[in-house]
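Everything on this sheet refers to the single structure shown next.
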Amino acid sequence: MNLVEAMVASAMFVTSSSCSLQLWSSSASWARQAEAQQQQAAKLEAALLASQAQLTALAGTAIAADCTAASSWLAAHLQSMPSGEGLVHQVSAEPGALVRVSVSDANGLERQRWLSPAAYGLCGAQPPEQGDATT
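Reading the sequence shown from the start, the letters are residues 35 to 169 in the numbering used here.
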């Protein structure tokens, strides 16, 4: 093997090694980003589950006879809950007696749920009166 062949072989080896390292580095970086995004999505889901757990704790308690009034009360109640660190928690009463719970982060990742007070028994029945002794 002469000097020219050795130089070409070593240049090819260095080039292929460099390309392999760049591919490995970019795939490792992508994997780290995907893992961080997955962890953030889990954090958002946990915040939504906390809102749903609060709603489940209230299940069966008649808040108002009108579901629209119950959804307004529920929206105010869920809005007062603390949001997690770095999360923006938005709750709104929507038309149709629904409550929209949305949680987002600084990166633009967002999760939301639509909740119905009627599904949890928070409306539809007249709330018990304080002075009612007929039961």
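Where is the CB? At the ideal position from N, CA and C, for every residue including glycine.
Residue i and residue j closer than 8 Å at C-beta
i	j	result
R147	Q86	yes
S106	V122	no
A140	G120	yes
L156	A75	no
A98	A104	yes
S150	A127	no
Residue range of the beta strand (DSSP E) that includes residue i
i	result
S138	L132 to D139
L121	L121 to E128
L143	Careful: L143 lies outside any beta strand (DSSP E) and carries neither H nor E.
Rounded C-alpha distance that separates residue i from residue j
i	j	result
A40	V48	12 Å
V133	A62	41 Å
L112	E69	30 Å
G158	L108	14 Å
A65	A96	48 Å
A114	L82	First, the amino acid is wrong: residue 114 is Ser here, not Ala. Near 14 Å, if we compare the C-alpha coordinates of L82 and S114.
T90	S59	46 Å
S50	V42	12 Å
L78	Q88	16 Å
Q67	M35	46 Å
L57	V38	29 Å
S136	D100	24 Å
C53	A84	47 Å
E129	A153	Rather than Glu, the amino acid found at residue 129 in this sequence is Pro. Taking the straight line from one Cα to the other gives about 16 Å.
Residue range of the alpha helix (DSSP H) that includes residue i
i	result
L83	L37 to A91
L171	Past the edges of the chain, shown from 35 to 169, lies residue 171, and the structure says nothing about it.
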